[in-house]
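Asks:
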Amino acid sequence: MRKTLFAGSIAALALMLAGCDKPAEEKATGTESGGSTTAATSASADARPAAFAQCAACHAVEAGKHGVGPSLAGVFGTKAGDVPGYAFSDPMKASGLIWDEQTLDSYLTNPMKMVPGTRMTYYGMSDPADRKAVIDYLKTLR
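Read in order, the letters of the sequence shown are residues 56 to 197 in our numbering.
1. Determine the direct distance from the alpha carbon of residue 119 to that of residue 139, and round the result to whole angstroms.
2. Look up residue 120 in the DSSP assignment and say whether it is helix, strand or coil.
3. Is it true that the CB of residue 197 sits closer than 8 Å to the CB of residue 163?
4. Let me check understanding here. Comparing Cα to Cα, which of 178, 189, 146 lies closest to residue 155?
5. Should residue 126 be labelled buried (16 or more other beta-carbon atoms within 10 Å of its own) or exposed?
6. Less than 6 Å between C-beta atoms, sequence neighbours within five positions excluded: which residues of the same chain meet that for residue 121?
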């Protein structure tokens with residue numbers, strides 16, 4: 056039982072860390088594992104930009120399916136901290152943010168600076184092209 060629990064914990068940790076960053080050569084070419092960073096036109100996994108792997112470590116894209124973070128389905132244009140079925144931090148609920156392009160770009164640059172006290176322990180996405188690709192993808196999720 057302990058070996059199974061330990062192995063499961065290691066696998067979950069490896070999955071989370073896999074999306075944390077990618078090598079510089081992948082950033083330069085815009086590909087990851089043979090994929091493309093072309094703008095998403097649907098909510099399918101194939102349409103996800105490579106940069107979204109960082110988000111997918113904690114967030115699902117299916118409505119009502121929450122991971123460590125809330126589902127990102129339909130999040131574009133909504134009020135921060137207002138996804139049904141997810142327990143947000145008080146600072147996020149009180150932020151008054153609306154998830155539009157400008158707000159998402161600022162937030163994804165440095166979430167903990169924009170909403171001090173958020174539970175999202177992510178240090179930010181520094182590449183503006185990656186942020187744009189992720190935001191364009193979030194717009195497609197309904």
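Built from N, CA and C at the ideal position, the CB exists for glycine as well.
Replies: According to the structure shown:
1. 7 Å
2. coil
3. no
4. 189
5. buried
6. 141
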